[in-house]
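Contents: one structure, followed by commentary.
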Amino acid sequence: MRWRVQVRVPASTANLGPGFDTIGMAFQLYTTIRMRVADEPQVILYGEELQGLPTDTSNLVYRMAELIFAKANMEMPALCIEMKSEVPLTRGLGSSAAAIIGGLVAANYLAGDPFTKEEIFFMATELEGHPDNVGASLFGGIVIAVMEKERVPYIKVLPQPDLKALAVIPNFMLSTEKARGVLPEAYSRKDAVHSVSHASLLAAALATGQYEMLADAMKDRLHQPYRMDLVPGMATLLEESHHYGALGTALSGAGPTVISLLKGDEEKLTRFFVDTLLEHGITAQTMSLTPDCVGVQISEEIDNSF
Ligand code: HSE
Numbered sequence: 079m080r081w082r083v084q085v086r087v088p089a090s091t092a093n094l095g096p097g098f099d100t101i102g103m104a105f106q107l108y109t110t111i112r113m114r115v116a117d118e119p120q121v122i123l124y125g126e127e128l129q130g131l132p133t134d135t136s137n138l139v140y141r142m143a144e145l146i147f148a149k150a151n152m153e154m155p156a157l158c159i160e161m162k163s164e165v166p167l168t169r170g171l172g173s174s175a176a177a178i179i180g181g182l183v184a185a186n187y188l189a190g191d192p193f194t195k196e197e198i199f200f201m202a203t204e205l206e207g208h209p210d211n212v213g214a215s216l217f218g219g220i221v222i223a224v225m226e227k228e229r230v231p232y233i234k235v236l237p238q239p240d241l242k243a244l245a246v247i248p249n250f251m252l253s254t255e256k257a258r259g260v261l262p263e264a265y266s267r268k269d270a271v272h273s274v275s276h277a278s279l280l281a282a283a284l285a286t287g288q289y290e291m292l293a294d295a296m297k298d299r300l301h302q303p304y305r306m307d308l309v310p311g312m313a314t315l316l317e318e319s320h321h322y323g324a325l326g327t328a329l330s331g332a333g334p335t336v337i338s339l340l341k342g343d344e345e346k347l348t349r350f351f352v353d354t355l356l357e358h359g360i361t362a363q364t365m366s367l368t369p370d371c372v373g374v375q376i377s378e379e380i381d382n383s384f
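In this note's numbering, the protein residues as written are 79 to 384.
What follows is the structure, given as structure tokens:
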């Protein structure tokens with residue numbers, strides 16, 4: 079048993095278009111969690127981003143710690159959990175996946191590492207229902223994963239050093255539940271073939287660094303068309319951002335954030351993103367994002383960054 083730990087978990091985008099529930103990419107935008115053995119349970123949340131979340135043992139991170147100790151058949155001590163986050167909540171940048179990974183990894187460390195990273199990946203995937211955000215937060219880089227019965231086989235691909243992303247984050251929240259609720263139960267063979275072919279091309283383009291393929295490879299018929307009505311202006315962003323320097327553009331996870339992959343200057347794209355959403359009556363902020371290639375980082379050293 080260890081007494082304290084600090085973990086830093088990257089945010090992520092999921093899907094990248096046709097890689098629905100399959101492909102995730104991590105960014106240098108972090109959730110930091112401190113966990114230590116205490117006399118009684120305590121959850122302390124710092125910063126505006128986390129306001130409104132539970133500060134008792136119903137907090138998601140606390141529940142993840144309980145899960146680790148229960149699965150390891152160990153008695154859990156009371157924990158003090160402190161958390162701060164740079165990730166906007168419920169916007170499609172994997173904030174809950176980061177909390178799940180942070181809670182599981184920190185508690186696993188305190189418990190003396192009863193589980194491997196692969197086992198934690200499986201647990202987190204079961205909890206989220208899909209591996210894309212949790213995989214990227216856990217391993218960093220670009221993670222392509224499939225769900226098997228008891229495992230989540232995956233391949234991690236490193237982005238080229240000059241690849242970056244621009245996210246436009248509308249000023250409204252969209253729950254994953256709502257955004258999944260609009261998806262159909264069944265698809266035509268034509269749409270299935272479109273999805274397989276584009277997702278395959280996307281994985282190959284990301285693995286080989288042939289980013290000039292992204293504009294075609296990131297086209298999607300599996301989820302984006304059905305989510306258009308939830309994010310006014312999204313159709314224009316997807317169709318026209320390549321005129322402003324984007325290599326490829328997609329709804330980030332379940333939205334409402336839209337994200338472009340690009341290299342070089344992002345000024346024109348930033349203006350296009352903000353102006354387009356404003357034309358649809360939506361204010362938004364943009365975030366320039368650099369890939370995280372490392373994934374969750376564990377440290378016994380507690381820094382003074384809170
Ligand atoms: N793949 C998921 C979705 C990511 O698009 O619904 C959001 O959790």
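Where a beta carbon is used, it is the ideal one built from N, C-alpha and C, also for glycine.
Item	Value
Please classify Leu-356: is it buried, with 16 or more other beta-carbons within 10 angstroms of its beta-carbon, or exposed?	exposed
Starting from the Cα of Leu-125, find the closest Cα among Phe-193, Leu-167, Leu-292 and give me that residue.	Checking the sequence shown, residue 125 turns out to be Gly, not Leu. Nearest C-alpha to Gly-125: Leu-167.
Examine ligand 1 and report whether any of its heavy atoms sits within less than 7 Å of the Cβ of Phe-98.	yes
Thinking C-alpha only, which one of Ala-143, Pro-248, Gly-287 is nearest Ala-189?	Ala-143
May I ask you to report which of helix, strand or coil DSSP gives Gly-125?	coil
Could you tell me whether the Cβ atoms of Val-336 and Leu-325 are closer together than 8 Å?	no
Around the Cβ of Ile-179, are there at least 16 other Cβ atoms within 10 angstroms (buried) or fewer (exposed)?	buried
Could you compute how far the alpha carbon of Ala-264 sits from the alpha carbon of Phe-98?	14 Å
Just to confirm the assignment, what range does the alpha helix (DSSP H) spanning Glu-345 have?	345 to 357
Identify which residue in Met-103, Arg-80, Trp-81 has its Cα closest to the Cα of Ala-64.	Any question about residue 64 goes unanswered here, given that the chain covers just 79 to 384.
Kindly list the residues whose CB is nearer than 6 Å to the CB of Ala-150, restricted to its own chain and excluding five residues on each side of it in sequence; keep chain order.	Ala-189, Pro-192
Is there at least one non-hydrogen atom of ligand 1 closer than 7 Å to the beta-carbon of Thr-254?	yes
Mind checking Met-79: buried by the 16 CB within 10 Å criterion, or exposed?	exposed
Can we say the region 204 to 213 touches the region 230 to 243, given the rule of at least three CB pairs closer than 8 Å?	yes
Closer than 8 Å, CB to CB, is Glu-318 near chain B or not?	The question asks about chain B, but that chain is absent: this structure has only one protein chain.
DSSP on Pro-303, reduced to helix/strand/coil?	helix
Which of helix, strand or coil does DSSP assign to Ile-233?	strand
Should Pro-139 and Val-374 be called a contact, given that it needs their Cβ atoms to be closer than 8 Å?	Reading off the sequence shown, one finds Val at residue 139, where the question assumed Pro. Result no, Cβ atoms of Val-139 and Val-374 do not sit closer than 8 Å.
Excluding five sequence neighbours on each side, which residues of the same chain lie with their C-beta closer than 6 Å to the C-beta of Ala-408?	There is simply no residue 408 to check, as the chain begins at 79 and stops at 384 in what is shown.
Leaving aside the five residues before and after Glu-199 along the sequence, list all residues of the same chain whose C-beta is less than 6 Å from its C-beta, in chain order.	According to the sequence displayed, residue 199 carries Phe and not Glu. Within the same chain, Phe-199 has close Cβ partners Leu-216, Val-230.
Does the beta-carbon of Asp-307 have 16 or more other beta-carbons within 10 angstroms, so that it is buried, or is it exposed?	exposed
So within the region 276 to 302, which uninterrupted alpha helix (DSSP H) runs reach at least 4 residues, ignoring any that extend past its ends?	292 to 295
What's the gap between the Cα of Thr-135 and the Cα of Arg-82?	18 Å
Just curious, the beta strand (DSSP E) that Ser-90 is in, first and last residue?	82 to 92
Is any non-hydrogen atom of ligand 1 found closer than 7 Å to the C-beta of Gly-218, if you look at the structure I gave you?	no
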